[in-house]
Every structure is written in structure tokens, then in C-alpha cells.
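Chemist: For reference, the structure I am asking about is given below.
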Amino acid sequence: MFLKFGIIFAITISMVSARPEPENLDFLSDEYIDYLNSLKTTWKAGRNFDRNTPIEKIRGQMGAIIDVPEEIASRIPVVKNDHISNEHIPEVFDARNKWPNCKSIQQIRDQGSCGSCWAFGAVEAISDRICIASGQKKQVEISGEDLLSCCHNCGYGCSGGYPAMAWEYWVQNGIVTGGLYQDKNTCRPYSIEPCEHHVEHGNRPKCGSTVQTPRCVQQCQTGYNQSYEQDRYFGQSAYHVHSNVQDIQKEILTNGPVEATFLVYADFLSYKSGVYQRTSNSMVSGHAIKILGWGVENGTPYWLCANSWNTDWGENGFFRVLRGQNEVSIESQIYAGLPKDSYFDSTIIDTIMIKYNFLILLLLAIKFISTIDIIDNVLHIDYTSDKFIDHLNHLNSTWKAGRNFDQEIMAKKFKNLKVVDEENVDEENQQPKLHNKRQILIPDDYIPDYFDARQKWPLCRTISLIPNQGQYCSSCWAVGVVQAINDRICIGSNQRINVEISAQDLLTCCKECTKNGEGCQGGYPSRGWKYWITNGLVTGGQHGDLTTCQPFNIPPMNLATFTPYLQLSHIIQTPVCQQQCVNGKNYAQDKYYGLHYYKVPNDERSIRREIFHHGPVEANYRVYPDFHHYKTGIYQHLLGTQSEGHSIKIIGWGTENGIPYWLCANSWTKLWGNLGGFFKIIRGQNHCGIENQVYGGWPRL
Numbered sequence: 002m003f004l005k006f007g008i009i010f011a012i013t014i015s016m017v018s019a020r021p022e023p024e025n026l027d028f029l030s031d032e033y034i035d036y037l038n039s040l041k042t043t044w045k046a047g048r049n050f051d052r053n054t055p056i057e058k059i060r061g062q063m064g065a066i067i068d069v070p071e072e073i074a075s076r077i078p079v080v081k082n083d084h085i086s087n088e089h090i091p092e093v094f095d096a097r098n099k100w101p102n103c104k105s106i107q108q109i110r111d112q113g114s115c116g117s118c119w120a121f122g123a124v125e126a127i128s129d130r131i132c133i134a135s136g137q138k139k140q141v142e143i144s145g146e147d148l149l150s151c152c153h154n155c156g157y158g159c160s161g162g163y164p165a166m167a168w169e170y171w172v173q174n175g176i177v178t179g180g181l182y183q184d185k186n187t188c189r190p191y192s193i194e195p196c197e198h199h200v201e202h203g204n205r206p207k208c209g210s211t212v213q214t215p216r217c218v219q220q221c222q223t224g225y226n227q228s229y230e231q232d233r234y235f236g237q238s239a240y241h242v243h244s245n246v247q248d249i250q251k252e253i254l255t256n257g258p259v260e261a262t263f264l265v266y267a268d269f270l271s272y273k274s275g276v277y278q279r280t281s282n283s284m285v286s287g288h289a290i291k292i293l294g295w296g297v298e299n300g301t302p303y304w305l306c307a308n309s310w311n312t313d314w315g316e317n318g319f320f321r322v323l324r325g326q327n328e329v330s331i332e333s334q335i336y337a338g339l340p341k342d343s344y345f346d347s348t349i350i351d352t353i354m355i356k357y358n359f360l361i362l363l364l365l366a367i368k369f370i371s372t373i374d375i376i377d378n379v380l381h382i383d384y385t386s387d388k389f390i391d392h393l394n395h396l397n398s399t400w401k402a403g404r405n406f407d408q409e410i411m412a413k414k415f416k417n418l419k420v421v422d423e424e425n426v427d428e429e430n431q432q433p434k435l436h437n438k439r440q441i442l443i444p445d446d447y448i449p450d451y452f453d454a455r456q457k458w459p460l461c462r463t464i465s466l467i468p469n470q471g472q473y474c475s476s477c478w479a480v481g482v483v484q485a486i487n488d489r490i491c492i493g494s495n496q497r498i499n500v501e502i503s504a505q506d507l508l509t510c511c512k513e514c515t516k517n518g519e520g521c522q523g524g525y526p527s528r529g530w531k532y533w534i535t536n537g538l539v540t541g542g543q544h545g546d547l548t549t550c551q552p553f554n555i556p557p558m559n560l561a562t563f564t565p566y567l568q569l570s571h572i573i574q575t576p577v578c579q580q581q582c583v584n585g586k587n588y589a590q591d592k593y594y595g596l597h598y599y600k601v602p603n604d605e606r607s608i609r610r611e612i613f614h615h616g617p618v619e620a621n622y623r624v625y626p627d628f629h630h631y632k633t634g635i636y637q638h639l640l641g642t643q644s645e646g647h648s649i650k651i652i653g654w655g656t657e658n659g660i661p662y663w664l665c666a667n668s669w670t671k672l673w674g675n676l677g678g679f680f681k682i683i684r685g686q687n688h689c690g691i692e693n694q695v696y697g698g699w700p701r702l
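In the numbering used here, the protein residues as written are 2 to 702.
What follows is the structure, encoded as C-alpha cells:
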């Protein structure tokens with residue numbers, strides 16, 4: 002069940018570490034506090050909230066929406082940090098000590114009677130990172146008010162929000178300065194009055210019900226010396242830090258504090274000191290905070306965190322929580338980013354100093370950095386350039402970039418051209434849906450964590466095939482369809498029939514598969530599957546294969562002279578539909594027909610079940626400029642805003658360094674990438690829409 006603003010109120014989960022709680026105890030009572038202390042765990046409990054405070058008011062002082070929809074989770078990449086070896090991570094670290102001149106790291110804010118923690122956690126970490134990236138020269142307090150009130154995609158303002166969207170907003174829109182309540186020295190200070198969160202007789206007014214979200218006012222307060230536009234600070238990148246303890250530590254050690262979300266249980270409301278670990282089974286809500294360090298106390302590892310409930314809560318506004326066990330899910334959703342303009346002079350240089358620790362490499366790095374057009378920033382770097390590839394690798398993501406296509410050729414011919422036309426909503430809704438009772442009855446634990454169709458069906462040679470879609474023809478929509486059909490004919494025949502279905506036949510003869518009858522200008526994969534059912538398709542191998550009815554007669558792609566997306570003037574005219582075989586066989590008799598086709602439900606489990614039982618599927622997704630440079634690892638979109646549709650084949654899945662992936666076959670020859678034409682892409686987040694349009698079918702044998 003969810004509250005109206007989307008924060009989790011209660012869920013049923015398996016309670017592993019928490020003990021059974023005494024029944025009929027009020028969570029704000031002295032008896033409950035005494036019970037917590039009687040457990041003699043690693044932390045001390047005491048009174049924070051007035052015992053008569055309604056739980057709704059307490060919940061209203063949180064506000065991080067933990068249950069993140071896939072469309073939001075997939076918008077920012079997951080980043081690993083492999084530039085520092087694990088042995089160089091100190092046992093104890095406090096960002097306040099490493100960057101003592103960055104005053105914002107030491108600051109504790111007060112969110113008042115507003116569920117704005119999601120915004121506070123972001124702007125606090127952003128403030129720190131701007132200072133750190135400037136070499137501790139730039140002291141700034143980024144406005145929680147500006148983010149809270151103006152980011153309409155972030156959620157529900159004072160009723161809760163998504164931290165991931167806050168970081169994305171910083172990159173796309175920028176955020177002005179804004180300090181504490183009524184601060185006169187910033188553009189948009191916080192307008193919600195501090196309140197007495199936690200003590201019965203404090204000097205601030207008591208916190209009340211959740212206030213209305215302030216109005217978005219895109220101008221600075223009267224008397225401030227800059228305009229709203231001039232005062233904005235932008236991020237260069239935003240990302241989700243991989244949920245491995247060492248990766249989180251390396252991120253903080255290198256770039257500064259991060260924002261984290263976690264689940265608040267009833268016992269946390271009474272936290273006073275020590276290393277918190279959950280003893281309660283009663284979850285209250287989601288909350289967002291800032292992690293600024295770590296350490297060990299009496300043998301217990303912890304994260305050092307800054308809350309936003311003023312300085313009279315916890316350890317002067319800070320608290321510590323058990324580290325390394327994903328306690329209360331604190332290591333699951335870690336968000337961070339890098340500020341614009343100062344990224345190169347801080348992060349790269351600092352990284353090189355840590356990794357190599359001698360001056361000569363630092364000087365070489367500075368020389369390299371000076372060649373990068375920082376003024377234009379990365380969004381204006383030529384996507385075909387070596388600089389762009391270098392920048393991708395500096396982001397320390399889950400994949401490595403390198404040159405696949407000739408730069409000069411790409412620069413001349415690079416232009417957006419849809420190779421897969423997107424289904425309109427009405428047509429997509431009319432696609433046959435998968436209804437397989439056998440699949441539905443299969444429990445999830447029967448589906449393996451790792452799967453490669455090449456291993457399950459080793460006699461089906463087409464599963465291992467990487468096709469060549471042709472030099473100047475956007476035929477991936479047809480190639481992706483027939484590649485999956487090839488595999489399914491073999492699998493449906495119990496690995497007895499190895500056949501290559503003709504992409505040429507589908508490309509040239511299915512006029513309804515395209516908008517204008519020109520298959521080389523892109524097409525609709527779903528209509529290709531339907532054509533297989535109604536018209537059938539003949540055999541046809543790769544270019545020059547005269548043993549089949551209609552081999553591909555478009556000149557093979559040469560990576561040295563080809564770019565994936567071409568100007569229309571470079572696209573060849575689609576060959577004429579020839580309903581006859583080049584090998585002398587009867588065209589009609591050579592056809593293979595499909596029995597039925599369907600759109601697989603767009604959730605990860607359904608896709609895995611479909612592949613596991615029936616074989617590879619054809620999938621469509623958005624290709625961004627960075628994908629052209631993929632070499633190894635698990636791809637996720639990092640940079641570049643232009644995107645076009647592309648069609649590929651998914652043959653399996655797995656997990657690498659804790660990150661789930663789909664294993665896919667591209668159609669850009671075996672020379673593309675370093676995996677022989679295959680690639681991996683992040684799984685389970687509908688990344689680049691890869692889980693939206695997945696098609697399968699069954700042959701008529």
C-alpha cells in the first residue's frame with residue numbers, strides 16, 4: 002500500500018536481522034525506548050519526537066520515494082569506480098577532514114515541515130562537490146528551494162520525490178544558490194521555517210502537518226547581486242553509484258559526499274548515538290540523506306551520514322549506520338554527479354594522483370586535458386572524435402569505449418536516420434500478446450541467473466551467427482527478425498533444421514513493413530514477423546551465398562568506410578522484390594512459414610522465460626552516439642542526446658560485477674566491438690527501451 006504521494010507505507014518483506022518486537026508498545030513511548038536500549042546493540046536510543054506526535058507528521062519529514070519506476074531508474078547510468086585499488090581505501094574517512102575549507106560538508110540543514118529530504122540530500126552533496134572540484138576555492142550553497150519547487154518531474158515536492166531525477170535536473174536545468182531559512186546572501190534561500198523536530202521544549206515552533214510546496218519563482222530575492230540565470234550552477238553528469246561498498250567508498254574518496262536513500266524503521270525515530278542497525282520490523286517511510294565518510298567503532302563498520310533534521314537530532318545532526326550489509330537498503334540507491342566546468346581540473350587530475358602518485362603522469366594528464374574543449378563542454382564534443390571516446394572512458398562506467406568506425410567517414414555522413422520505425426500506440430496495442438500457460442506456471446527460481454542460448458542449443462549454428470546488414474542499407478529491422486526466426490526454426494525442430502532465412506526477401510518484398518516501400522530506409526519489425534506468418538520467407542544466407550534461394554545482395558559493411566546512420570543521399574535504393582531463387586530452386590516451395598508471432602510482455606521475467614523456453618528474441622531499442630564506440634562491458638547510455646531506433650537479437654543474460662545484463666547479437670559484423678559482434682546491455686531497467694518492444698514467434702513445421 003502506498004500513501005497518496007507515493008512513499009511506501011508498509012510492505013511485506015522477509016525480516017532477517019530484526020527481532021520480534023513487544024506487542025502493544027507505542028513507538029514513541031518511554032517503554033519502547035527502554036526496550037531498544039535493553040537490546041544492548043551498537044547504538045543508543047532516546048527521546049527525539051514528542052510522544053504525542055502523529056505518525057503522519059513524522060512521515061511527512063521524510064519524503065524519498067524508494068520504489069523507483071523503471072523509466073526513471075533507466076535515465077541515469079550506473080557507474081563503477083575501478084581507478085583506485087581496494088587496498089588504497091582507508092579504514093576511516095571523513096570528508097570534513099579531507100576538504101576542511103569546504104564549509105558545506107560540515108553543514109546540517111533543516112527541511113522544516115516538508116518532505117524535501119530528496120532535494121536536500123541532492124543539493125547538499127552538489128554543494129560539496131562544487132567546492133571539491135574547484136580545489137576548495139568555490140564556497141556555495143545550492144538551493145533546496147529551487148530544486149524542490151521547480152523540478153516538476155522530480156515527484157511531488159513537499160510530499161516526496163525521486164533523488165535520481167533531482168540529479169538529472171541539475172544537469173539539464175541548473176540550480177541557483179540558496180542557503181538556510183531567510184539567508185540574504187543567496188538567490189533563493191529556503192522559505193520553509195525550521196521547526197522543532199525532536200525535543201519537547203526547544204526554542205523553535207513545533208513541526209506541523211506537511212506544508213504546501215513553495216511556488217517555482219525563477220528570480221532571485223530582492224537585493225541579491227545576480228540574476229536568476231547568471232546564478233545557476235549546472236552539473237556535467239549524473240549517475241547512480243554501483244551498490245558495492247568499495248565503489249561507494251571510492252566515489253566519496255575521489256569526488257566527495259553522495260546522496261543515499263534508505264528505509265526508515267520505527268526504531269530509527271529514537272536514534273541518539275552509535276552505529277545504527279535495525280531492530281524493528283515496522284517500516285515508516287523512505288528517507289534521503291548525505292553520506293560523507295565511513296569508519297569502524299568497536300569492530301562495527303559504519304557509514305557517516307548527515308541528516309536534515311537540524312543539529313539537535315542524533316550526533317549533532319549526523320548519524321552512523323552499519324556499513325557493508327546494505328542495512329536498511331542504504332547501499333542500494335546511491336546518487337552522485339560531477340559539476341560542469343571544473344570536472345577536468347579536479348576529478349581526472351585527482352584520480353591520476355591517487356592511482357599513479359607521481360608527478361610526471363600528472364603533467365602528462367594536464368597536457369592532455371588542455372587539448373579538450375572545456376568551454377564547449379562534452380555535449381558539444383564531436384561524437385565521432387577521439388576526445389569523445391576518451392571522455393566516455395573517463396566516466397568510469399560499466400563499459401569501455403574505443404574506435405569502431407572510421408572517424409573521417411563518420412564525420413562526413415553522420416546524420417540521424419531511423420533504421421527502425423517506431424510503432425504507433427494503436428498499432429502496438431493491436432500486436433498479438435504472449436499467452437503461454439506453461440510459461441506462467443514456471444516459478445521464477447526455475448529460470449537460471451545465467452543463460453546463453455548458444456550453450457543450450459549448441460547444434461543451432463545460427464544462434465552464434467553475427468550478420469552483416471550491408472554497407473549503405475538500414476536493414477537492421479529485417480535482419481533482426483530473420484536472425485531470431487532462424488534460431489527458432491532450429492530449436493522448434495529439436496536442433497535438426499539449420500537454415501538461414503532471407504533478410505533480402507523480407508527487406509525487398511514486404512512493402513507494408515515500411516512507410517514508403519523503401520526497406521533500406523528503415524522498417525517496422527513487428528510487421529516483419531506478421532509477414533512471415535502470412536507470406537512466408539525463403540532461405541537466404543550472407544552476401545554471395547549461392548547455396549540459398551535469396552542471399553543478401555547488398556555489399557557487405559566495411560567498418561572503415563561505414564557509419565551506422567547515414568544521410569539519405571548515401572542510402573542505396575532498396576533492391577527490387579525478386580520472387581525467384583538464384584540457386585534454381587522453386588521460390589514457393591523454398592518458403593518457411595510462421596505459425597504465430599507475439600509481443601513479449603515488457604518485463605524482465607517474461608523476456609527471460611521466453612528466451613529460455615523458445616529461443617532468442619528480436620528487440621528494438623534507442624541507439625545513442627556513445628553506443629557506436631562500445632567495446633566491452635555492460636553498456637548503458639552515458640552521453641549524447643540524439644537517438645535512433647535499432648533492432649538486434651537477445652540470446653541470453655547474466656550478471657557481471659553485480660550488474661545484470663542482456664547478451665545481444667548486433668548486425669554490424671564480427672569486427673564491431675571486442676566481443677565478436679555481440680554486446681551486453683544493462684538488464685531489468687528497460688534501458689534505452691530495450692524491454693519495450695520484444696518479439697518472438699513459432700515456426701510452422
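We treat Cβ as the ideally placed atom computed from N, Cα and C, and that holds for glycine.
1. Report the three-state DSSP secondary structure of residue 700 (helix, strand or coil).
2. Could you tell me if residue 321 is buried or exposed, where buried requires 16 or more neighbouring beta carbons within 10 angstroms of its beta carbon?
3. Name the two residues that bound the continuous alpha helix (DSSP H) containing residue 558.
4. Of all the beta strand (DSSP E) runs that stay within the bounds of the region 612-657, which reach a length of 3 or more residues?
5. Specify, as a first and last residue, the run of the beta strand (DSSP E) that residue 305 falls within.
6. Considering only the alpha carbon of each residue, which of 252, 77 and 187 lies closest to residue 96?
7. Only counting runs of 4 or more residues, tell me where the alpha helix (DSSP H) segments fall wholly within the region 490-546, in order along the chain.
8. Are the CB atoms of residue 488 and residue 656 nearer to each other than 8 Å?
9. Excluding the 5 residues preceding and the 5 following residue 357 in the sequence, name in chain order all residues of the same chain whose CB lies nearer than 6 Å to its CB.
10. State yes or no: is the C-beta of residue 511 within less than 8 Å of the C-beta of residue 532?
11. Excluding the five sequence neighbours on either side, which residues of its own chain have a C-beta within less than 8 Å of the C-beta of residue 1, listed in chain order?
12. For residue 266, which of 329, 453 and 466 has the nearest alpha-carbon?
13. Is residue 305 near residue 277, with beta carbons less than 8 Å apart?
14. CB residue 161 to CB residue 116, shorter than 8 Å?
15. Looking only at its own chain, which residues have a Cβ that is under 8 Å from the Cβ of residue 448, when we skip the five neighbours before and after it?
16. If you draw a straight line from the alpha carbon of residue 22 to that of residue 319, how long is it in whole angstroms?
17. Here's the rule: buried if 16 or more other CB atoms are within 10 angstroms of the residue's CB, otherwise exposed. What is residue 283?
18. Quick check: the region 536-552 against the region 583-600, are there 3 or more CB pairs under 8 Å?
19. Which class does residue 683 belong to by DSSP, given the choice of helix, strand or coil?
20. Can you give me the C-alpha to C-alpha distance between residue 347 and residue 671, rounded to a whole angstrom?
21. May I ask which residues mark the beginning and end of the alpha helix (DSSP H) holding residue 150?
22. Specify the secondary structure class of residue 690 as computed by DSSP and reduced to three states.
23. For residue 57, name the three-state secondary structure that DSSP assigns.
24. Quick one: what does DSSP say residue 121 is sitting in, helix, strand or coil?
25. Rounded to whole angstroms, what's the CA-CA distance from residue 491 to residue 405? Just pull it up for me.
26. Have a look at residue 344 and residue 464 and give me their C-alpha separation to the nearest angstrom.
27. Measure the alpha-carbon distance for residue 128 versus residue 629 and round it to whole angstroms.
28. Could you check what DSSP says for residue 738 in three-state terms: helix, strand or coil?
29. Which residues bound the beta strand (DSSP E) around residue 246?
30. Please report the distance separating the alpha-carbon of residue 184 from that of residue 190.
31. Closest by CA to residue 523, which one among 486, 485, 555 and 477?
32. Do residue 142 and residue 187 come within 8 Å of each other at the CB atom, strictly closer than that value?
33. Let me know the secondary structure DSSP gives residue 592 once reduced to three states.
34. Among the residues of its own chain, which have a CB less than 7 Å from the CB of residue 195, if the five just before and after it don't count?
35. When burial is assigned at 16 or more other CB atoms within 10 Å of the CB, is residue 130 buried or exposed?
36. So residue 599 packs on residue 697, CB below 8 Å; how close in whole Å?
Modeler: In terms of the structure at hand:
1. As a first step, residue 700 must be located in the sequence shown, where it is residue number 699. Correct three-state label for residue 700: strand.
2. On the sequence shown, position 320 is the one that residue 321 refers to. Label assigned to residue 321: buried.
3. As a first step, residue 558 must be located in the sequence shown, where it is residue number 557. That residue, residue 558, is in no alpha helix (DSSP H); it is neither H nor E in DSSP.
4. 618-624, 631-636 and 645-657
5. Sequence index remark: in the sequence shown, residue 305 carries index 304 (1-based). Per DSSP, residue 305 belongs to the beta strand (DSSP E) from 301-307.
6. Walking along the sequence shown from the start, residue 96 turns up at place 95. Of 252, 77 and 187, the residue nearest in Cα terms is 252.
7. Within the region 490-546, complete alpha helix (DSSP H) segments of at least 4 residues are found at 504-510 and 526-535, given in chain order.
8. Indexing the sequence shown from 1 puts residue 488 at position 487. Indexing the sequence shown from 1 puts residue 656 at position 655. No, they are not a contact pair.
9. Your numbering for residue 357 matches position 356 in the sequence shown. Low local confidence applies: a pLDDT of 37 at residue 357 is under 50, so the model's placement there is unreliable, and no value is given.
10. Walking along the sequence shown from the start, residue 511 turns up at place 510. Walking along the sequence shown from the start, residue 532 turns up at place 531. Taking 8 Å as the Cβ cut-off, residue 511 and residue 532 qualify as a contacting pair.
11. Limits of the chain in this structure are 2 at one end and 702 at the other, which puts residue 1 out of reach.
12. Along the sequence shown, one-based indexing puts residue 266 at 265. It is 329.
13. The residue labelled residue 305 in the question sits at position 304 within the sequence shown. The residue labelled residue 277 in the question sits at position 276 within the sequence shown. It is not a contact, given that the beta carbons lie outside the stated cut-off.
14. Position 160 of the sequence shown, counted from the first residue, corresponds to residue 161. Position 115 of the sequence shown, counted from the first residue, corresponds to residue 116. It is a contact, given that the beta carbons lie within the stated cut-off.
15. Translated into the one-based positions of the sequence shown, residue 448 becomes position 447. Counting only Cβ-Cβ distances below 8 Å, and skipping sequence neighbours, we find 606, 609, 610 and 613.
16. Indexing the sequence shown from 1 puts residue 22 at position 21. Indexing the sequence shown from 1 puts residue 319 at position 318. C-alpha of residue 22 to C-alpha of residue 319: approximately 26 Å in a straight line.
17. Sequence index remark: in the sequence shown, residue 283 carries index 282 (1-based). Exposed: under 16 other Cβ atoms inside 10 Å.
18. The region 536-552 vs the region 583-600: in contact.
19. Walking along the sequence shown from the start, residue 683 turns up at place 682. Correct three-state label for residue 683: strand.
20. Walking along the sequence shown from the start, residue 347 turns up at place 346. Walking along the sequence shown from the start, residue 671 turns up at place 670. The predicted position of residue 347 is uncertain, since its pLDDT is 36 and thus under 50; a value taken from the coordinates is nonetheless stated next. Rounded to whole angstroms, residue 347 to residue 671 spans 38 Å at the Cα level.
21. As a working note, residue 150 is residue 149 in the sequence shown. Segment 145-151, the alpha helix (DSSP H) holding residue 150.
22. Here residue 690 refers to the residue found at position 689 of the sequence shown. In this structure, residue 690 counts as helix in the three-state DSSP scheme.
23. Within the sequence shown, the letter at position 56 stands for residue 57. Residue state, collapsed to three classes: helix.
24. Here residue 121 refers to the residue found at position 120 of the sequence shown. It is helical.
25. Within the sequence shown, the letter at position 490 stands for residue 491. Within the sequence shown, the letter at position 404 stands for residue 405. Here the alpha carbons of residue 405 and residue 491 stand approximately 32 Å from one another.
26. By 1-based counting over the sequence shown, the position of residue 344 is 343. By 1-based counting over the sequence shown, the position of residue 464 is 463. In this prediction, residue 344 scores a pLDDT of 35, lower than 50, which makes its location untrustworthy; no coordinate-derived value is stated.
27. Along the sequence shown, one-based indexing puts residue 128 at 127. Along the sequence shown, one-based indexing puts residue 629 at 628. So the alpha carbons of these two residues sit roughly 34 Å apart.
28. Because the chain spans 2 through 702 in this model, residue 738 falls outside it and cannot be assessed.
29. Within the sequence shown, numbered from 1, the residue matching residue 246 stands at position 245. Segment 246-256 is the alpha helix (DSSP H) holding residue 246; no beta strand (DSSP E) there.
30. Translated into positions along the sequence shown, residue 184 becomes position 183. Translated into positions along the sequence shown, residue 190 becomes position 189. Approximately 6 Å, taken between the alpha carbons.
31. Taking the sequence shown and counting its residues from 1, the one referred to as residue 523 is at position 522. Residue 523 has its Cα closest to that of 477, out of 486, 485, 555 and 477.
32. Taking the sequence shown and counting its residues from 1, the one referred to as residue 187 is at position 186. Taking the sequence shown and counting its residues from 1, the one referred to as residue 142 is at position 141. Yes, they are a contact pair.
33. Against the sequence shown, residue 592 aligns to sequence position 591. If DSSP states are grouped into helix, strand and coil, residue 592 belongs with coil.
34. Here residue 195 refers to the residue found at position 194 of the sequence shown. Only residues of its own chain outside the window of five on either side were considered, and among them 111, 113, 182, 205 and 311 have a CB closer than 7 Å to the CB of residue 195, listed in chain order.
35. Locating residue 130 in the sequence shown gives position 129, where the first residue counts as 1. Result: buried.
36. Looking up residue 599 in the sequence shown gives position 598. Looking up residue 697 in the sequence shown gives position 696. Your pair residue 599 and residue 697 checks out as a contact, with CB atoms roughly 6 Å apart and the cut at 8 Å.
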